[in-house]
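Below is one structure; the comments refer to it alone.
2 protein chains.
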Amino acid sequence: MDSETGPRLREIRSKTGLSQRQLAKASGVANATISQIESGALNPTVGMLKKVLGGIPISLSNFFADNFSFTDQVFFSADKLLQLGEGGVSYLQVGNHLQNKSIQMMKECYQPGAHTGKHAIQHEGEECGIILSGSLEVQVGDKTKVLKAGDAYYFRSTVPHHFKNVGREACELITACSPPSF
Amino acid sequence: MDSETGPRLREIRSKTGLSQRQLAKASGVANATISQIESGALNPTVGMLKKVLGGIPISLSNFFADNFSFTDQVFFSADKLLQLGEGGVSYLQVGNHLQNKSIQMMKECYQPGAHTGKHAIQHEGEECGIILSGSLEVQVGDKTKVLKAGDAYYFRSTVPHHFKNVGREACELITACSPPSF
DNA sequence: AAATAATGTTCAGTATAGTAAACAGTTAAT
DNA sequence: ATTAACTGTTTACTATACTGAACATTATTT
Chain C
0 MDSETGPRLR EIRSKTGLSQ RQLAKASGVA NATISQIESG ALNPTVGMLK
50 KVLGGIPISL SNFFADNFSF TDQVFFSADK LLQLGEGGVS YLQVGNHLQN
100 KSIQMMKECY QPGAHTGKHA IQHEGEECGI ILSGSLEVQV GDKTKVLKAG
150 DAYYFRSTVP HHFKNVGREA CELITACSPP SF
Chain U
0 MDSETGPRLR EIRSKTGLSQ RQLAKASGVA NATISQIESG ALNPTVGMLK
50 KVLGGIPISL SNFFADNFSF TDQVFFSADK LLQLGEGGVS YLQVGNHLQN
100 KSIQMMKECY QPGAHTGKHA IQHEGEECGI ILSGSLEVQV GDKTKVLKAG
150 DAYYFRSTVP HHFKNVGREA CELITACSPP SF
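Here the protein sequences come in this chain order: C and U. Position 71 of the first sequence, counting from 1, maps to 70 under numbering that gives the first Met the number 0, and the rest follow consecutively. Position 65 of the second sequence, counting from 1, maps to 64 under numbering that gives the first Met the number 0, and the rest follow consecutively.
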């Protein structure tokens with residue numbers, strides 16, 4: 000019936016290094032259920048899927064938004080969404096050769112606990128962003144606030160700033176800097 | 000089990016002006032099923048929910064990302080995400096008083112068929128964007144391309160450009176202009 | 001090599017999701 | 001007022017999601 004969710008669950012589970020039984024224990028469902036869901040032999044209820052994803056953990060929204068892959072084609076010339084970083088924080092940049100351009104737009108992903116380093120960042124220009132999923136602690140100057148999906152920020156980059164994912168799930172956001180900072 | 004999806008479905012269905020039976024017919028499921036899902040008496044399978052949402056139409060991703068509301072708090076001073084437009088195209092702007100700022104970041108939503116007008120747009124600066132959901136036909140100069148979720152664009156705004164939603168569902172994207180264009 | 005502990009898969013039983021049809025209530029037309 | 005057409009809800013039935021236990025493989029331990 001829905002041929003996507005099984006393979007998708009398998010892919011995500013594998014990526015996180017969990018076995019079916021580990022995930023089963025963490026989420027409180029039978030391991031057979033996970034096997035059957037992944038193989039497509041079963042059409043899970045949303046309650047069940049939510050329960051299973053709770054063991055990873057990942058939200059339903061993020062699970063189904065997984066096709067937010069950035070691997071597809073990109074508009075204009077050879078501008079690709081480049082994977083710049085690795086590890087706790089990843090950056091996907093819109094366009095390339097930004098040296099003489101004025102905007103640096105990125106989709107960023109902070110793993111749980113990931114942050115921008117012990118020293119606050121400071122550079123020319125301005126920056127802003129919109130949180131897509133998860134939660135992010137944003138520190139700008141002496142102000143600190145935890146932003147959730149749908150929240151946004153805007154500040155002058157000359158003020159020292161620092162980002163940290165304080166939630167249990169990955170935090171995705173889209174940001175823009177002007178001018179590009181690296 | 001999952002107490003959110005019922006009320007959420009009811010809310011979305013009501014907003015679109017569909018009755019349970021209309022949606023049932025459009026999606027090919029029993030009206031009783033929709034009633035029971037909405038009342039919470041039933042925990043739908045994802046295949047079933049997908050089928051139901053197909054009659055609206057709205058994707059699973061968008062359905063669960065519904066908490067992408069922009070109504071929550073926003074970081075820094077009184078900067079709110081302002082609803083600027085109405086009708087076929089809506090704009091939610093990050094921050095305000097952008098006259099002497101350098102970035103204009105917005106979350107835009109194009110209803111099916113909606114576009115930026117019969118005359119192409121042209122202004123100073125550069126702009127870019129990332130498609131969150133749906134599909135958008137982007138016309139820049141003599142180049143035209145249909146972008147899907149995860150795709151992105153970047154171009155100089157002095158080149159005449161035009162956006163149009165050519166899909167059946169609403170298209171959401173996040174854009175950035177530098178400098179702000181209005 | 002034999003034993004132990006993992007891995008994912010298969011199977012019979014039971015709990016429940018989904019259907020079709022009848023029900024009850026509200027609005028519109030005649 | 002009575003029909004007619006709509007709204008959402010309830011009910012008995014059947015199709016299937018989910019469980020627990022056994023199964024088959026592969027990797028690690030002793």
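Beta carbons are placed, not taken as given, at the ideal position from N, Cα and C, and that holds for glycine.
Tell me which residues share the same chain as residue i and place their Cβ nearer than 6 Å to its Cβ, disregarding the 5 neighbours each side in the sequence.
i, result
"residue 111/C", "164 and 167"
"residue 88/U", "109 and 113"
"residue 120/C", "160"
"residue 25/U", "54"
"residue 43/C", "36"
"residue 153/U", "127"
Within its chain, find whatever has a CB closer than 8 Å to the CB of residue i; leave out the 5 residues flanking it on each side and keep chain order.
i, result
"residue 130/U", "146, 147, 148, 149, 150, 151, 170, 171 and 172"
"residue 177/U", "101, 102, 103, 124, 125 and 126"
"residue 156/U", "120, 121, 122, 123, 124, 125, 126, 176 and 180"
Strictly under 9 Å for the Cβ-Cβ distance: is residue i near chain C by that measure?
i, result
"residue 164/U", "no"
"residue 153/U", "yes"
"residue 34/U", "no"
"residue 4/U", "yes"
"residue 59/U", "yes"
"residue 176/U", "yes"
"residue 108/U", "no"
"residue 124/U", "yes"
On the DSSP letters alone, give me the boundaries of the alpha helix (DSSP H) that residue i sits inside.
i, result
"residue 36/U", "30-38"
"residue 52/C", "45-52"
The beta strand (DSSP E) that contains residue i, what's its start and end?
i, result
"residue 25/C", "Per DSSP, residue 25/C belongs to no beta strand (DSSP E); it is in the alpha helix (DSSP H), 19-26."
"residue 155/C", "151-155"
"residue 174/U", "170-177"
"residue 139/C", "134-139"
"residue 110/C", "Residue 110/C -> no beta strand (DSSP E), and no H or E assigned at all."
"residue 143/U", "142-147"
"residue 160/U", "160-163"
Give every residue of the same chain whose Cβ lies closer than 7 Å to the Cβ of residue i, excluding the five residues on either side of it in the sequence, and list them in chain order.
i, result
"residue 19/C", "30, 33 and 34"
"residue 49/C", "59"
"residue 158/C", "139 and 140"
"residue 144/U", "137"
"residue 56/C", "167 and 168"
"residue 132/C", "58, 60, 61, 148, 170 and 171"
Cβ of residue i less than 9 Å from any chain U Cβ?
i, result
"residue 93/C", "yes"
"residue 115/C", "no"
"residue 48/C", "yes"
"residue 23/C", "no"
"residue 44/C", "yes"
"residue 37/C", "no"
"residue 101/C", "yes"
"residue 127/C", "yes"
"residue 17/C", "no"
"residue 173/C", "yes"
The ligand COA and residue i: does any heavy atom of the ligand fall closer than 8 Å to the residue's C-beta?
i, result
"residue 173/U", "As for the ligand COA, it is missing from this structure, which has no ligand bound."
Quiz item: Do the segment 122-140 of chain C and the segment 5-12 of chain U make contact, defined as three or more Cβ pairs closer than 8 Å?
Solution: no
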